[in-house]
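**Q** Numbering-wise, this note's numbering comes out as the position in the sequence shown, counting from 1, plus 4.
Backbone N, C-alpha and C define an ideal beta-carbon position, used for all residues, glycine too.
Dropping the structure in here first, questions after.
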Amino acid sequence: MAIFSNNVDPAEIAKFSLLAEDWWNPFGSSKPLHDINPLRFEFIKKYTPLSNMAILDIGCGGGILSESLAKEGGKVTGIDLSEDAIKVATLHSQDQNVSVTYQVASAEDYAEEFPAQFDIITCMELLEHVPSPDSIIQACATLLKPKGHLFLSTINRNPKAYLYAILGAEYLLKLLPKGTHQYEKFIRPIEMAEMLHQADLQLAHMSGMHYHPIFKTYSLTDDVSVNYLVHCYKG
Ligand code: SAH
Numbered sequence: 005m006a007i008f009s010n011n012v013d014p015a016e017i018a019k020f021s022l023l024a025e026d027w028w029n030p031f032g033s034s035k036p037l038h039d040i041n042p043l044r045f046e047f048i049k050k051y052t053p054l055s056n057m058a059i060l061d062i063g064c065g066g067g068i069l070s071e072s073l074a075k076e077g078g079k080v081t082g083i084d085l086s087e088d089a090i091k092v093a094t095l096h097s098q099d100q101n102v103s104v105t106y107q108v109a110s111a112e113d114y115a116e117e118f119p120a121q122f123d124i125i126t127c128m129e130l131l132e133h134v135p136s137p138d139s140i141i142q143a144c145a146t147l148l149k150p151k152g153h154l155f156l157s158t159i160n161r162n163p164k165a166y167l168y169a170i171l172g173a174e175y176l177l178k179l180l181p182k183g184t185h186q187y188e189k190f191i192r193p194i195e196m197a198e199m200l201h202q203a204d205l206q207l208a209h210m211s212g213m214h215y216h217p218i219f220k221t222y223s224l225t226d227d228v229s230v231n232y233l234v235h236c237y238k239g
């Protein structure tokens, strides 16, 4: 499989950089990330302890998940290609006295430098923003120690996902800025399973994340038809 050291869409980085000031505003454009954070954290903790683990958070943005992992005792490094996001993440962690190392880097470059260094890798809400998600997954496999855990999240591709994640979230409920997501970049679970297989990763669990528009609550569910989480490991 080809490794793309330039596996990045500059328009995506510009989009997230513009939103950088809003990362830690729980009522702003990152609200959905704040809302789902407890769920993905619960999902991760079901399958691995975090204390003293070497953890890499790829596409960490402003550090919403990175900080949660560090507060639980993980030795966390967060990487992202948006310099603005990394600045916000660094300042926020210092302000909160949470120890996280942040760096502007791509997963692929990091994998060349630090193969087999991490017990746990998280890569949430990133795969649907890159030209070649398989290249990121391959980089994750390289970065993991043997038996290391990889946690991913993304959005399924089907008419219901279009209705919920684009029409609903961006146009009707305005939970996210218009243009946040492109339908054709969404990833079906079967495509995800194939990418994991190609990278020699063992798929262990998948779980859906459901948003209830009336109660405005999120919950874990067996239904992976829209947003979903994946747990796999390096066999
Ligand atoms: N993972 C975080 C942020 C998700 S938003 C969370 O779930 O809370 C997506 C992030 O991916 C943005 O910060 C954006 O800058 C970053 N990103 C987009 N393309 C990238 C790439 N090719 N490599 C690394 N980060 C990327």
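Around the C-beta of M5, are 16 or more other C-beta atoms found within 10 angstroms, so that it is buried, or is it exposed?
**A** By one-based count along the sequence shown, residue 5 stands at place 1. At M5 the pLDDT is 36, less than 50, meaning the model places this residue with poor confidence; the figure from the coordinates comes in the next sentence. Label assigned to M5: exposed.
**Q** Going along the chain, which residues of its own chain have a beta-carbon closer than 8 Å to the beta-carbon of S223, five neighbours each way excluded?
**A** Numbered from 1 along the sequence shown, position 219 holds the residue referred to as residue 223. Here the set comprises L43, M213, H214 and H216.
**Q** CB of I68 to nearest heavy atom of the ligand SAH: below 7 Å?
**A** For the purposes of this step, residue 68 is identified with residue 64 of the sequence shown, where counting begins at 1. Yes - the ligand SAH has a heavy atom lying nearer than 7 Å to the Cβ of I68.
**Q** Please indicate yes or no: does the CB of N11 lie closer than 7 Å to some heavy atom of the ligand ZN?
**A** This structure lacks the ligand ZN; the ligands present are the ligand SAH.
**Q** Tell me which residue opens and which closes the beta strand (DSSP E) that P150 is part of.
**A** Residue 150 sits at position 146 when you count from the first residue of the sequence shown. L148 to I159 is the extent of the beta strand (DSSP E) around P150.
**Q** Locate the alpha helix (DSSP H) running through S97, then write down its first and last residues.
**A** Start at 1 with the first residue of the sequence shown, and residue 97 comes out as number 93. It spans E87 to Q100 - the alpha helix (DSSP H) in which S97 sits, taken as one unbroken run.
**Q** Does the separation of the CB atoms of S240 and A89 fall below 8 Å?
**A** Outside the displayed span of the chain (5 to 239) sits residue 240, for which this structure offers no information.
**Q** From G67 to S21, what does the alpha carbon distance come to, in whole angstroms?
**A** The sequence position of residue 67 within the sequence shown is 63, counting from 1. The sequence position of residue 21 within the sequence shown is 17, counting from 1. One C-alpha to the other measures close to 13 Å.
**Q** Quick check on DSSP: helix, strand or coil for A165?
**A** As a position in the sequence shown, residue 165 is number 161, starting the count at 1. Here A165 sits in helix by DSSP.
**Q** Hey, is I191 close to the ligand SAH, as in C-beta under 7 Å from one of its heavy atoms?
**A** By 1-based counting over the sequence shown, the position of residue 191 is 187. Answer for I191: no, Cβ out of range of the ligand SAH.
**Q** If I follow the unbroken alpha helix (DSSP H) through F122, where does it start and stop?
**A** Along the sequence shown, one-based indexing puts residue 122 at 118. Where F122 is concerned, there is no enclosing alpha helix (DSSP H), although the beta strand (DSSP E) it sits in stretches over F122 to M128.
**Q** List in chain order: all unbroken alpha helix (DSSP H) runs of 4+ residues lying wholly within the segment 23 to 79.
**A** Within the segment 23 to 79, the complete alpha helix (DSSP H) runs of at least 4 residues are 35 to 51 and 68 to 75.
**Q** Could you tell me the distance, in whole angstroms, from the CA atom of Q142 to the CA atom of M199?
**A** Your numbering for residue 142 matches position 138 in the sequence shown. Your numbering for residue 199 matches position 195 in the sequence shown. C-alpha separation (whole angstroms): 8 Å.
**Q** Do the segment 113 to 125 and the segment 145 to 157 make contact, defined as three or more Cβ pairs closer than 8 Å?
**A** Touching, yes, given that three or more Cβ pairs across the two stretches are closer than 8 Å.
**Q** So for M5, helix, strand or coil by DSSP?
**A** As a first step, residue 5 must be located in the sequence shown, where it is residue number 1. Residue confidence for M5 is low, a pLDDT of 36 falling below 50, so the modelled location carries little weight and cannot support an answer.
**Q** Please classify L73 as buried or exposed, where buried requires at least 16 other C-beta atoms within 10 Å of its C-beta.
**A** Here the question's residue 73 lines up with position 69 in the sequence shown. Buried, since its Cβ has 16 or more Cβ neighbours within 10 Å.
**Q** Short check: CB of T146 to CB of Q107, under 8 Å?
**A** For the purposes of this step, residue 146 is taken as the residue at position 142 of the sequence shown. For the purposes of this step, residue 107 is taken as the residue at position 103 of the sequence shown. No; because the gap between Cβ atoms is not below 8 Å, this pair is not in contact.
**Q** Is DSSP giving S223 helix, strand or coil here?
**A** Taking the first residue of the sequence shown as position 1, residue 223 is located at position 219. Three-state DSSP puts S223 in a strand.
**Q** At a cut-off of 7 Å, is S86 close to the ligand SAH when judged by its beta-carbon and the heavy atoms of the ligand?
**A** Against the sequence shown, residue 86 aligns to sequence position 82. Checking every heavy atom of the ligand SAH against the Cβ of S86, one is found closer than 7 Å.
**Q** Pull up the distance between the alpha-carbon of K19 and that of T184, whole angstroms please.
**A** In the sequence shown, residue 19 corresponds to position 15, counting from 1. In the sequence shown, residue 184 corresponds to position 180, counting from 1. Going from the Cα of K19 to the Cα of T184 covers about 8 Å.
**Q** Counting only the same chain and skipping the five closest in sequence on each side, list residues whose C-beta sits under 6 Å from that of T158.
**A** In the sequence shown, counting from the first residue as 1, residue 158 sits at position 154. These residues qualify, in order along the chain: L131, E132 and I191.
**Q** Kindly indicate the opening and closing residues of the beta strand (DSSP E) around Y215.
**A** As a working note, residue 215 is residue 211 in the sequence shown. Start and end: L205 to H216.
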